[in-house]
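What follows is a single structure, written as structure tokens, with notes after it.
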């Protein structure tokens, strides 16, 4: 069974703008998928539907077989804990240390304190941030901040991670490094959905790519199949 | 047999739920609250002036009705003795002798609206005056007893003291009747009014305190809108978002309660000397006392609850605003 499934999903905003039109695709557990397209093509809306910042106007979004339309107000937090999120602008808490920022999803989930320390350090170590655990976000470089954002998104080991233009503010070399971090996640069992308009970089990684245009899916490129 | 089957089937589920380390879950719950507690203190310290201002306004708002109630408490205690004494004093003409007074007393005792009549002879009255040092000098000069016989009449319960007073005054032996019932009733009415007024003022100022806390917490929440949005995206429940603010409100309330208590204690300290003097001039007895521990506890708990409630209202409003929109 697919981990994430979009079934004829349309999203119309109150102003009347249709951001997504009859979008259908599936993402298997541990799979990596890029969503690309021009600015305003509906990439961000797609991600917002996944972590329930917005709800579909028509069609169904399913995560682990559960239709998100049936997730009530009280169910939203529980669903969001299954989806790690990485933002273009990191969205770290400026008054907390790197450690506290990364620990936040575990604190929210009510993880025992001893385990929080262990898991946060494991993730920080994996992302090369262990030395910086006591630093505040503004003391870090942009690339480091984004790595902290990724650490925060994966620390609770969600089955699915979504990232919205995660390399938008990074230079090409840092972008490649950050993308490599994402590319390594499926091997650890996390499915990854990355929205990016950095086509050259996406192509280099040679993964499956959805191409959106004005809210419509115009291509679902799979390297193995196309080659 | 059948009755035993169902619980047996339900048990595994119940065990599973309670069994996922009840101790661990309790520890996690405690950690969550500890986290909220610490972050609420951090928020308090982050904006010391705003916090002090809120606590100050709330403290004064609580101190005013508290002081009023305390003052009324004292006044009521002081007036209590006066209010309880319902006797009427019938002063007889000076030329009415002891026997005539006894006859009159007997006649009065027969009345339905009289419970008891005590006769106080001029000699007793003189002895009483001698006991008061201010008068002893003046009395020594007198070579005769100018005091009349006084009948102290206790009205029956339910009797109209005013009617009895006019009946007593009508007696031919009567000189005049001293009757403080009306004055006492008015005092009682004023005290009751004062107490009600204090509660009305307390309610209004309590509401004010609630709004002050609510507004401060609202500003704090608005200042943290980004942080709230982030933790909500990371899967925080409304309770998780709200909890630090509830603790914050409770801290405001507790601090304001302590401030109110301090203010009233200081005011009492400043008033103690002149009030003791005043009370002494009325025969002493009632002295200024501080807020007793039970009342202080109620005050602190009430103030804390008020702060908590204010924060709860403000946080609830902000959470409703930040909820993800449900498309129709």
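Residue numbers (the working numbering), protein chains in the order written: chain A, 1 to 227; chain B, 1001 to 1328.
For glycine and all other residues, C-beta sits at the position ideal for the given N, C-alpha and C.
Keep in mind it's a predicted model, so treat the numbers as computed, not measured.
- Sorting A:48, A:57, A:43 and A:24 by C-alpha distance to the C-alpha of residue 15 of chain A places A:57 at the top.
- Nearest CB-CB separation between residue 91 of chain A and chain B: below the 8 Å threshold.
- In this structure, the alpha-carbon of residue 1170 of chain B lies about 17 Å from that of residue 1154 of chain B.
- When DSSP states are grouped into helix, strand and coil, residue 72 of chain A belongs to the coil group.
- Setting aside the 5 residues that flank it on each side, residue 21 of chain A is surrounded in the same chain by 10, 215 and 216, each with a C-beta closer than 6 Å to its C-beta; the list follows chain order.
- Within chain A, the residues 108 have their CB atoms less than 7 Å from the CB of residue 1240 of chain B, given in chain order.
- For residue 1117 of chain B, the CB contacts under 6 Å within the same chain, skipping 5 residues up- and downstream, are 1105, 1108, 1109, 1151 and 1153 in chain order.
- A direct Cα-Cα distance of roughly 34 Å separates residue 196 of chain A from residue 1239 of chain B.
- At a cut-off of 8 Å between beta carbons, residue 85 of chain A contacts chain B.
- Around residue 1035 of chain B, the beta-carbon contacts reaching into chain A at under 9 Å are 107.
- Using a C-beta cut-off of 8 Å, the region 19-36 of chain A makes no contact with the region 80-89 of chain A, since fewer than three inter-stretch Cβ pairs fall below that distance.
- At a beta-carbon threshold of 9 Å, the residues of chain B lying near residue 104 of chain A are 1230, 1231, 1234 and 1236, ordered along the chain.
- Excluding the 5 residues flanking it on each side, residue 145 of chain A has same chain C-beta neighbours closer than 7 Å at 90, 92 and 137, in chain order.
- Below the 8 Å Cβ cutoff, chain B contributes 1233 as neighbours of residue 51 of chain A, in chain order.
- Within the region 1032-1063 of chain B, those residues whose Cβ lies closer than 7 Å to any Cβ of chain A are, in chain order, 1032 and 1035.
- Interface annotation, residue 134 of chain A: not in contact with chain B, CB-CB separation never under 8 Å.
- Below the 9 Å Cβ cutoff, chain A contributes 110 as neighbours of residue 1029 of chain B, in chain order.
- Among the residues facing chain A, residue 1185 of chain B is not included, as its CB has no counterpart in that chain under 8 Å away.
- Less than 8 Å divides the Cβ of residue 1253 of chain B from the Cβ of residue 1306 of chain B.
- Remark: C-beta atoms of residue 1205 of chain B and residue 1061 of chain B approach each other more closely than 8 Å.
- Annotated three-state conformation of residue 63 of chain A is strand, per DSSP.
- Bridge partners of residue 1149 of chain B according to DSSP: none are assigned.
- Contact check for residue 208 of chain A and residue 4 of chain A: beta-carbon distance about 13 Å, past the 8 Å limit, so the pair fails to qualify.
- Here residue 184 of chain A is exposed: its Cβ has fewer than 16 other Cβ atoms, across all protein chains shown, within 10 Å.
- Residue contact with chain B for residue 77 of chain A: present (Cβ-Cβ distance below 8 Å to some residue of chain B).
- When secondary structure is reduced to three states using DSSP, residue 84 of chain A falls in the strand class.
- Residue range 1238-1281 is occupied by the alpha helix (DSSP H) that includes residue 1257 of chain B.
- Inter-residue distance for residue 1041 of chain B and residue 1248 of chain B is about 7 Å (C-alpha atoms, whole angstroms).
- Our two residues, residue 1091 of chain B and residue 1146 of chain B, have alpha carbons roughly 12 Å apart in a direct line.
- Rounded to the nearest whole angstrom, the C-alpha separation of residue 1130 of chain B and residue 1160 of chain B is 34 Å.
- Proximity to residue 1111 of chain B across B:1164, B:1122, B:1074 and B:1234 peaks at B:1164, based on C-alpha coordinates.
- As the crow flies, the alpha-carbon of residue 1029 of chain B is around 7 Å from that of residue 110 of chain A.
- Taking one beta carbon from each stretch, the region 100-115 of chain A and the region 1219-1235 of chain B have 3 or more pairs nearer than 8 Å; the two touch.
- Near chain B, meaning a CB-to-CB distance below 7 Å, no residue of the region 128-158 of chain A qualifies.
- Residue contact check for residue 113 of chain A against chain B: a CB pair falls below 8 Å.
- Taking 8 Å as the cut-off, the Cβ atoms of residue 123 of chain A and residue 154 of chain A count as close.
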